[in-house]
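Enquirer: Here it is, the structure, as structure tokens.
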Amino acid sequence: MNSSEKLYQKAFEFKKTKLWEKLSTEQIFAFKLSDRGIGYINIGRSEYGYPVLRLFPGEEGIECFSLFKEALQSGSSVRQLEYQNFLQCELADKDGMDVEEQETVKMYARGLGIRLAGKYSYPRFEQYRPCCLPWLLQTAENEEALCEALEAAVGMAVFLTGTKSETQEVRDQLREEGRIVLLKKNEEGYVLDQIELPEKKTNRWPEPELKNDIAIANLKKISQKGVWECEISLLGEPVQDEAFEIPYYPFTLLAVDAASEYLIPVSVVKSYPEDAEKLMELLADSMIEHQCCPAEMKTCDDRTFSFLKGLCSRLGIKLTKEEDLSVLWDAKADLDVQMDMEEILENMEDVLDELAGMDHIPWEELPPGMMDFIELLVEAGGLPERAAEKMQRLIDLKESSEEIQESPKLSEFRQKSGQSCVISVSLGQGCYRHIQISCDSLLSNLHTAIIDAFEFEDDHAHAFFKYNKNWSRRESYYSEGMESNRQSTSRNRLCEAGIYKGKAFKYLFDFGDEWLFQCKVLRMIQGETPYPMVVRSKGKAPSQYGWDDDWE
């Protein structure tokens, strides 16, 4: 029997014990490994509720368990990532595995003559390294160690299935403060012993020195100003340098200028504290490159304080420790949102490509709110150019399909008297104004409100295109004196032009330069608005004539 077959056999034996029902998730016991070391076993539950056996091997195992338990209790996923350091056997259900994993389990079960039935019948074996994604066991030594741990867990179950007095004695030993139950293997099985709980080590963080004297000299030349809020932080996106390598979460120093909220760009390192000196060099390089140096650095944790201590001492920078670093917390939240958005956009591009390949898009079958979400993304701006183009193309296709559908009756819009609407008016990505205006207002009033909101001079002709296509001949409205056979913006009101929630239309200003604005009705409001007003604004409007406003 090879090591993998033996591992599955021990996992199936462990499943029969239901040891997770007999032990507290905070309890731990030890056993002697075949290499004469100590292994520490914890029986708990995974984040999906499946039973797990965790093996914390070696002398540092109990310290690793203590730190990981504290991280679990804190609810911090980042702390859990930093302090995870164990081998794990998880007993999942069939639905908790992909098809390939299911087939692997079935193959070993058939080879062992085991019928897969009931809950928790599908074992999964993984290693959890600090700041890494869970990964398959990579060495025969790890497989053997986990086999021994599963065997020891079965041995512990035997002690907990005896008479009531016998099991109570074992439970008392497991709860005894300052001591740990130790399983020792002999020819007949296991015997119970106890060992002293190792003394908790004091965590001493490194205090790296910047050894590059030239860099120190260059830093001293930079004028010190402002306050930076700093923290050594684990980034939320894993990195895989090589195909065979376990993906890891890199570290960096997040440093934010408290006044400007500018995030100083510092490159990442693979691990911490192992790469502390390298991270210090990267911080110095960034400060020199961007010619910035603070008069004070603030942090809230011992790790970052120790990291910055030597640098601040050499440069005469004030270093303080405070609990409230609100600017830093906001920057971290923005960074998390940005990373989440990158993943969303990557997945969304696949969907957009699939929709683009269809002859007919079933709009009614798309997820509710999908198109509204896409339009908000485009309106907000800041998207990668390729993604923005794909989204705008889909928006145009949707609006084109709506043109041929029957429009609401004019009588429905005439009932809008006494109402107002909020219209989003955007000029390219990242530049828009939300304008609140009465539905009884003339289109020429909306024209004036848009021009004022974007700080343009009202010195050219304009037009509105109801069906969201510039220069469309259908239902278009022009400024007074233009296109005598067309409807005028000075004689037609918004309610007469078909204003309703979700309605999109185009506004064109200056037929020479063709400033084209995208408009969309965001919501309807009860009550009239005395005069048009901007209720939300984002992005600096471009210069109408290509020069700065203060040019003379």
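Its first residue numbered 1052, the sequence shown is counted upward by one per residue in the working numbering. Built from N, CA and C at the ideal position, the CB exists for glycine as well.
Looking only at its chain, what residues have a beta carbon closer than 7 Å to the beta carbon of Val1129, apart from the 5 residues adjacent to it on each side?
Expert: Leu1285, listed in sequence order.
Enquirer: Measuring straight from C-alpha to C-alpha, what distance separates Leu1448 and Val1572?
Expert: Going by the C-alpha atoms only, they are around 18 Å apart.
Enquirer: Below 8 Å, can you find three or more Cβ-Cβ pairs linking the region 1333–1350 to the region 1244–1251?
Expert: The answer is no - the region 1244–1251 does not touch the region 1333–1350, with fewer than three Cβ pairs under 8 Å.
Enquirer: Starting from Ala1557, follow its DSSP beta bridges and name the residues at the other end.
Expert: It should be noted that the sequence gives Lys, not Ala, for residue 1557. Lys1557 pairs with Phe1516, Gln1569.
Enquirer: Is there contact here, the region 1198–1207 with the region 1150–1165, by at least three beta-carbon pairs under 8 Å?
Expert: Result no; under three Cβ-Cβ pairs closer than 8 Å.
Enquirer: Of the residues Lys1329, Pro1174, Leu1188, which one's Cα is nearest the Cα of Asn1136?
Expert: Comparing Cα-Cα distances from Asn1136 to each of Lys1329, Pro1174, Leu1188, the minimum goes to Leu1188.
Enquirer: Roughly how many angstroms separate the alpha carbons of Cys1490 and Gly1469, rounded to a whole number?
Expert: Rounded to whole angstroms, Cys1490 to Gly1469 spans 7 Å at the Cα level.
Enquirer: Are at least three pairs of beta-carbons, each pair with one atom in the region 1093–1106 and one in the region 1234–1243, less than 8 Å apart?
Expert: These segments do not touch.
Enquirer: What are the uninterrupted segments assigned as alpha helix (DSSP H) that are 4 or more residues long and contained completely in the region 1299–1372, given in chain order?
Expert: Counting only runs of 4 or more, we get 1327–1340, 1353–1366.
Enquirer: Suppose you measure from the CA of Leu1370 to the CA of Glu1325; what does that come to, to the nearest Å?
Expert: Between Leu1370 and Glu1325, the C-alpha separation is close to 23 Å.
Enquirer: Note down the Cα distance separating Met1442 from Ile1502, rounded to an integer number of angstroms.
Expert: Roughly 27 Å separates the two Cα atoms.
Enquirer: Measure from the alpha carbon of Pro1108 to the alpha carbon of each residue in Pro1289, Ile1079, Glu1133, then state which is nearest.
Expert: If we check each option's Cα against that of Pro1108, Ile1079 comes out closest.
Enquirer: Would you grab the beta carbon distance between Leu1305 and Lys1383 for me? Rounded to a whole angstrom, and I think it's under 8 Å.
Expert: So it is a contact: roughly 7 Å between Cβ atoms.
Enquirer: When we look at the beta-carbon of Ile1246 and count the other beta-carbons within 10 Å, is it buried (16 or more) or exposed?
Expert: Counting Cβ neighbours within 10 Å, Ile1246 comes out exposed, since fewer than 16 surround it.
Enquirer: So which of Arg1105, Lys1591, Met1148 has the shortest CA-CA distance to Tyr1179?
Expert: Here the closest residue by C-alpha is Arg1105.
Enquirer: Assign Met1442 to one of three DSSP states: helix, strand, or coil.
Expert: Three-state DSSP puts Met1442 in a helix.
Enquirer: Roughly how far, in whole angstroms, is the beta-carbon of Leu1142 from the beta-carbon of Pro1174, given that I think they are within contact range, below 8 Å?
Expert: About 6 Å separates the two Cβ atoms, so the contact holds.
Enquirer: Excluding the five sequence neighbours on either side, which residues of its own chain have a C-beta within less than 7 Å of the C-beta of Tyr1483, listed in chain order?
Expert: For Tyr1483, where only same-chain residues beyond five positions count, the Cβ hits under 7 Å are Glu1430, Ser1475, Val1476, Ser1477, Lys1589, Gly1590.
Enquirer: Buried or exposed: where does Pro1583 fall if 16 or more other Cβ atoms within 10 Å of its Cβ makes it buried?
Expert: By the 10 Å Cβ count, Pro1583 comes out buried.
Enquirer: Let me know the secondary structure DSSP gives Cys1546 once reduced to three states.
Expert: Helix.
Enquirer: At the level of alpha carbons, what is the spacing between Cys1183 and Glu1195?
Expert: In a straight line, the C-alpha of Cys1183 is about 22 Å away from that of Glu1195.
Enquirer: Rank Cys1343, Val1473, Lys1372, Asn1496 by C-alpha distance to the C-alpha of His1485 and give the top, closest one.
Expert: Closest option to His1485, Cα to Cα, is Val1473.
Enquirer: How is the beta strand (DSSP E) around Tyr1483 delimited, first residue to last?
Expert: First-last of the beta strand (DSSP E) with Tyr1483: 1483–1489.
Enquirer: Taking all protein chains shown into account, do 16 or more other C-beta atoms lie within 10 angstroms of the C-beta of Glu1133, making it buried, or fewer, making it exposed?
Expert: Looking at its Cβ environment, which holds 16 or more other Cβ atoms inside 10 Å, Glu1133 is buried.
Enquirer: Which first and last residues belong to the alpha helix (DSSP H) in which Ala1203 is found?
Expert: That run of the alpha helix (DSSP H) goes 1191–1210.
Enquirer: By the DSSP assignment, the alpha helix (DSSP H) with Val1477 in it spans what residues?
Expert: Note that residue 1477 is Ser in the sequence shown here, rather than Val. No alpha helix (DSSP H) contains Ser1477, which is instead part of the beta strand (DSSP E) from 1470–1477.
Enquirer: Assign Ala1514 to one of two classes, buried (16 or more other C-beta atoms within 10 Å of its C-beta) or exposed (fewer than that).
Expert: Buried: at least 16 other Cβ atoms inside 10 Å.
Enquirer: Anyone know if the C-beta pair for Ala1191 and Ser1054 falls short of 7 Å?
Expert: Taking 7 Å as the Cβ cut-off, Ala1191 and Ser1054 qualify as a contacting pair.
Enquirer: Using the C-alpha atoms, what's the distance from Leu1376 back to Glu1258?
Expert: Roughly 22 Å separates the two Cα atoms.
Enquirer: Just to confirm the assignment: which complete alpha helix (DSSP H) runs, minimum length 4, are found wholly within the region 1228–1285?
Expert: Taking only runs of at least 4 residues, the alpha helix (DSSP H) segments lying wholly in the region 1228–1285 are 1264–1271.
Enquirer: CB-CB under 7 Å to Pro1298, same chain, minus the five flanking residues each way: which ones, in chain order?
Expert: Answer for Pro1298: Cys1183, Leu1184, Pro1289, Val1290, Gln1291, listed in chain order.
Enquirer: Is Met1584 helix, strand or coil when you go by DSSP?
Expert: Reduced to three states, the DSSP call for Met1584 is strand.
Enquirer: How should Gln1219 be labelled, buried or exposed, when 16 other C-beta atoms within 10 angstroms of its C-beta is the threshold for buried?
Expert: Exposed, because fewer than 16 other Cβ atoms sit within 10 Å of the Cβ of Gln1219.
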